[in-house]
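Report on the following structure.
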Amino acid sequence: MSKHTSSSGLESSCTEKCKYKDHGRNITSVITKTSISDYQLACYLNSFCKNHAQVVDHEGRNALHIAASCGRRDLCYWLVKAGQADLNSKDQESGYTPLHRSIFYGHINNAVSFIQMGAQMQVMDKEDLQASDHAMKDRLVREFSAHNPCQVYAWGTNHNYTLGTGNQHSRQHPELLDLFRKNNTSIKQVAIDKFHSVFVSSAGQVWACGHGQGGRLGVDSEQMVLTPQRVRTAAEQVVSASVGRNHTILLMESGAVWTCGSNDHHVLGHSPPPPALHTPRPIHPRNLKSAGSVVTGVVAARFHSVFWSESAILTCGLHGGQLGHPQLPERTVISPKQVMGLNLGQKHKIVDVAASVGATAIIANKGDIWVLHNYQVRRIASKILDAVKLSVFGGELNAEADQKLSAKGGEELKVMVLNSSGNVLLWQESFPTLTRCIYPLKRSLTFTGMTLCRSCALLITVDGEAYLAQVKPKPRKKVTATIPKSEDMSFNRFIETLECHHMTINRLPHIHRAVHISADPKGQNFIVIQENPKVNLTDIPMIGETEFPQQMATLLTDAHEEDSLHDIWIESDKCSVAAHHMVLARVSEEFANLSRSCSIRKVKLEGADWEILHQVLTFAYTHDCDIIHPGPFQTNLFKGDVIKAALDIAKTWKMQTLMKCLHLLKYDGGLILLKEEGSSIHQVLGERPQMERSMLASLYDVTIASSDGASFRAHKCVLAARLDYFNSMFTGGWVEADATTNLSLPIPQTILHEVLDFLYKDEAPSLAESQDVDYISSVLVVADQLFISRLKQICEVALSGNLSLRNAAYLLQLAITYNADQLKSCCMQFICLNLTAILETRVLEILDNSTLEDLSRYYRNMIPAMCKRIITPFTTNVTEDDINEIASSYPVTWLDSEELTSGVELITAKLNRSNPMPTPGKRKVTRNRKSSESQRKRIESVSSNSDLDCSVDTSKEKVDFDDLVELDPKSKKEEWVTIDKAQKTIQNRLKVLVTAALVQPSQETYTPLVPLPPTHTTPSAHPHPAIQDNKQFPQLSSTPPKPGSSPLSSYIEIKRSPAVKLSQKQRKKLLADGGVQSVPEPVVVVRTPWATINNNVDCSLADIMKNAQTVGSPPTSGPVQELVKFADIMAEEIQQRDNLSKMKSKSLQLTQIEDKAMEELRVFYNAAHIYEERITVERVLSANIAKPIWITSRHQ
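Mapping of the sequence shown onto the UniProt record's numbering: position 922 corresponds to residue 922, and the numbering continues sequentially without gaps.
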């Protein structure tokens, strides 16, 4: 202990406002000790300093900073709740908050806890990085490309249905367009204007939405289109698209240009000009001949269109000064006309072109930037060699060109240029110099895309972020960058001498993988293309090899004369074999023509050898056997022609496929050979025919009822072969095997139908194509309960295909709960790759702490930088013994961090909502919940319904997966409430304990229970204790309590059972033997089957072994017991056999109920963790008893 600490544990000079930095250094150093538990650290901090949660060290770090860096979640929770630590406090070292440190060091569980407790994610550190930005900087993928699969996000006012969301509701934040996600369509470009939007996919397809007046959508209609609709074009792929207010231009892969829409100002480029085109039509090549080469780009504006190649610019439309042609009497240019004022030369090429209402801007690779405006071709900048993109807005048109134009003129012309270094430059009419734009951030941003609107500019960075920028008016004096000044910084001296445009930027939420951004001219609607979050996902679930042939072969091998599944008995003069009618009828016309028999049908087969017959049956069951493959084939007893013998059986049973294969083979001296070279057995054999449940309906022998009343017919042999659950039921001697053909399963009909179809087909195509996550999850739960591994793998693959940022946490919890290891690994990698977006959406709050800890370990192992970010223990004078001594002397009230994840909804409740057929008679009412973030739902696993029930169909009541039914507080009528089994178990335990405590003491002989000696436990040893009251688990003793003790004391008394009375027959027998004599009853010492624990540490092993010999049985007196006779052994075996037959006479449902009750008894008595006594729970079968006879009056 520190020398400044007094005997009371606190320093005498320490107060609640302590700012002693040596205290902070000591506290931060102690927290880095890895061998000390969180509870012990809390005890030490509480006793060391009164301001332990706020005091900082010399680097400005407090206890919460270091605890977050070390991943001490429980200590962080205690510091915040008990110590009132500031969640948003920054250290002086780097300006990190505890949330910054948690993400920087890879402790995702800590970060989620801080967000739940109210930490602000928008707080920035000294480098202007938010906490989630550290995850963005650490991710493995640093650059994004439109060539990868991408998704579309849209937001804005949506007055004209341009967002494609299906309604006119506005969107405040970017939302994913589900249409393209569901169709698995990747969009690479978007063009948006006031009345419509056009989307171009990576496959060269085009979609459009919005108002269709004038045919601007190209869907052969002028109706409104609420969601993107496919535009029909030629088979050629579309490279890019551009839209004006009333028309659309499409550029094909070959260089052809297609246009559609209203042609009021001759913007479509067709000659003669049509009034409008409702579907895209190609412009005649002669109209584009002046381009000199293939058209490489198109741009559309409100009143004109631009077509450009590497060496020429062509324009058409309203001649208001923006086309680049001299002023002419014609008000419009009908066909595309080349702009002649550009001096490009033969060596220079056009890089990019942009257009606005009143201007057109061009970039050439020699560094010149041109603007077509006011009937002029004006060069606004030169030697900008690294310019790659530009965007233009505004410009004034000649009002005389059209009556619709305003005489007041247009808006100010602005041109924004992006260079290859990621810097943005701006030119505007009020300040006609191309200057660089700067922003008030302490870190540099590298921009890769932009679009300019009326009041703002949208920028995207190389890290996939998106910013909304607003350029401030240019002041008269020079503006310098707002970065720290230093005389030694040459960059600052350079920036101070440069005239810059100052712009404010605000980061747009929910955008982390942006590759392209677009907006309408007024800046009211926005669409961004983001790379698909699953692009770099590598841990994708796989479907294993099918086990269908092996399972069918096992069905044939296990068939014997005494089993209850076979219904065909094949007899020959050499052998007899059991088979199944349904399997043989699939491949044999002979068996297909046989009707179903209630008894086992015998089939005669003359002269068939067992080995040959087994090969033919194997082919019938598995669609393969050894005799159809060329190569050596040896038989043990059969000496004839193997192929001929098998062909005779195939002809007898009319097995067409086997006959075709055998006709290609011959048998010669132990070898199977092809008759003709070049023939192929595999070509004749083909694929294994798929089994259908609807086939051979006349051979149905079992009916399975679902939980919602639907019934399905099936074949027992197929179910038993494919599933161990049915195999044990039908072949294990249960009542269901013979007594009835009606079964019930607690599974909804849609899921049961899916499971049964899979058992027949070994495939589930509907699951692979389904996008209903809840339905697939329900099938996965049933597959896990029934141990259908392949169906479970199919569900994992289907769920991974539907994995998204919204459901990643839910699917991870589902995978952990139901042992879907492949899906678990896939979800963890997906979350770690997109951790920034996941943290922003706060979906991880539904996970429990153990899952979050696994996720944190996975993240630290995946990110290479994490291996260098290790907090080594700081140097301190406080030893571990000092901390342990203080923790035992000065305990604190421990707060459990599991409270953060309490009150979460069950997984099964979510799965039941996906059931299209609810259980009749049961109404599910949801409770109104508060919108507080602290009451978020969490997914929790429930094991009370994991055991499937299969019973004889004798009751109308069906078992459902629902465990919890919440009542509406507004409802006045009483309703039945289904109580959770775990809750009912706890209530029963408490009831038993309270009843036992209220038992009054009796003067009779009893065996009392006394509590265990008190032991000192700390929360460090039991961080999450269950039941720690010793009264619940007493210890047996032979010493009674003192008379007059209170019944509410710590003793729980158990009264001895009264003596068993003699029957009338026994009393008569005793009387006949000599009468009943009143002999004083000897005192019998009742021994318990539990031994008293010897706490003497000096007891030797020999003494323990000697004492152990008398445990559980009274001392024997008299002669030694006789040896066991063989007749007694046989009698005992006969008795056991009778008991077994009685047990098998029970239904499987009753046996499962008994097993469940035995398990609950073991849990109730804590049999697995009690060492002072031995508790066993076994099934005891009663012996044979006489059948009761009713004696009527006539027998008297």
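Just so it is clear, CB atoms sit at the ideal spot from N, CA and C, and this is done for glycine as well.
Tell me which same chain residues have a C-beta within less than 8 angstroms of the C-beta of residue i, skipping the five on either side of it?
| i | result |
| --- | --- |
| ILE838 | LEU805, ALA808, ALA809, ILE831 and LEU844 |
| GLU236 | GLY204, MET252, GLU253, SER254 and ALA256 |
| SER29 | PRO873, PHE874, THR875, THR876 and VAL878 |
| PRO1080 | Confidence is the limiting factor: at PRO1080 the pLDDT is only 44, short of 50, which leaves the residue's position unreliable, though a coordinate-based value still follows. Around PRO1080: no qualifying Cβ. |
| ASN287 | GLY269, HIS270, SER271, SER335 and PRO336 |
Please state if the CB of residue j and the CB of residue i are separated by a distance shorter than 7 angstroms.
| i | j | result |
| --- | --- | --- |
| VAL782 | ASN802 | no |
| LEU344 | ALA361 | no |
| residue 1223 | GLN327 | Residue 1223 falls outside the range modelled here, since the chain spans only 1 to 1196, and no answer is possible. |
| GLU571 | LYS604 | yes |
| GLU418 | LYS389 | Note that residue 418 is Leu in the sequence shown, not Glu. Closer than 7 angstroms, so yes. |
| ALA312 | GLY341 | no |
| SER37 | ALA68 | no |
| ASP609 | PHE633 | no |
| LEU468 | LEU508 | yes |
| PHE526 | GLY156 | yes |
| PRO891 | CYS43 | yes |
| CYS209 | VAL225 | yes |
| HIS581 | LEU699 | yes |
| residue 1207 | ARG860 | With the chain covering only 1 through 1196, there is no way to say anything about residue 1207. |
| THR279 | CYS260 | yes |
| ILE66 | LEU45 | no |
| ALA85 | LEU64 | yes |
Whole angstroms are fine: how far does the CA of residue j sit from the CA of residue i?
| i | j | result |
| --- | --- | --- |
| GLN530 | ALA705 | 47 angstroms |
| CYS137 | GLY422 | As written in the sequence, residue 137 is Lys, which differs from the Cys given in the question. Between LYS137 and GLY422, the C-alpha separation is close to 17 angstroms. |
| residue 1246 | LEU895 | Since the first and last residues shown for the chain are 1 and 1196, residue 1246 lies out of range. |
| ASN167 | SER197 | 15 angstroms |
| LEU314 | PRO432 | 26 angstroms |
| residue 1201 | CYS826 | Residue coverage of the chain in this structure runs from 1 to 1196, which leaves residue 1201 outside it and unanswerable. |
| LEU665 | MET862 | 56 angstroms |
| MET542 | LEU176 | 27 angstroms |
| GLU59 | THR448 | 38 angstroms |
| LYS442 | GLY95 | 13 angstroms |
| VAL1163 | TYR153 | 52 angstroms |
| GLY215 | SER186 | 25 angstroms |
| PRO549 | GLN690 | 12 angstroms |
| PRO521 | ALA387 | 23 angstroms |
| HIS147 | THR893 | 57 angstroms |
| ILE649 | GLU547 | 27 angstroms |
| LYS792 | ARG181 | 24 angstroms |
| VAL414 | TYR775 | For clarity, residue 414 is Lys in the given sequence; the question names Val instead. Roughly 53 angstroms separates the two Cα atoms. |
If you drop the 5 nearest sequence neighbours on each side, which residues of the same chain put their C-beta closer than 6 angstroms to that of residue i?
| i | result |
| --- | --- |
| ALA514 | ILE460, GLY464, ALA466, VAL528 and GLN530 |
| MET1158 | VAL1177 |
| LEU658 | PHE619 and ALA650 |
For residue i, I'd like the list of residues in its chain whose CB is within less than 7 angstroms of its CB, leaving aside the five on either flank, ordered along the chain.
| i | result |
| --- | --- |
| GLN615 | CYS625, ASP626, ILE627 and ALA646 |
| CYS661 | ILE628, ILE681, VAL684 and LEU685 |
| PHE726 | LEU719 and ALA720 |
Should residue i be counted as a contact of the ligand ADP given a C-beta to heavy atom distance under 6 angstroms?
| i | result |
| --- | --- |
| GLU1133 | Absent from the structure shown: the ligand ADP. Ligands present: none. |
Please go through the segment 74-102 and give each complete alpha helix (DSSP H) segment of 4 or more residues, from N-terminal end onward.
none
For the UniProt domain "BTB" (700-763), list the alpha helix (DSSP H) runs that are entirely contained and at least 4 residues long, ordered along the chain.
716-722, 724-731, 735-738 and 749-761
Do the segment 306-319 and the segment 267-286 meet, that is, are 3 or more Cβ pairs less than 8 angstroms apart?
yes
Determine contact between the segment 573-580 and the segment 818-835, defined as no fewer than three beta-carbon pairs at a distance below 8 angstroms.
no
Given 8 angstroms as the limit, is there contact between the segment 610-630 and the segment 746-759, that is, 3 or more CB pairs closer than that?
no
Restricting to runs no shorter than 3 residues, where is the beta strand (DSSP E) found entirely within the segment 261-333?
276-282, 297-300, 304-308 and 313-318
Complete runs of the alpha helix (DSSP H) confined to the segment 166-236 [at least 4 residues]
178-182
Start-end ranges of the alpha helix (DSSP H) lying completely within the segment 103-154, minimum 4 residues:
108-116 and 131-138
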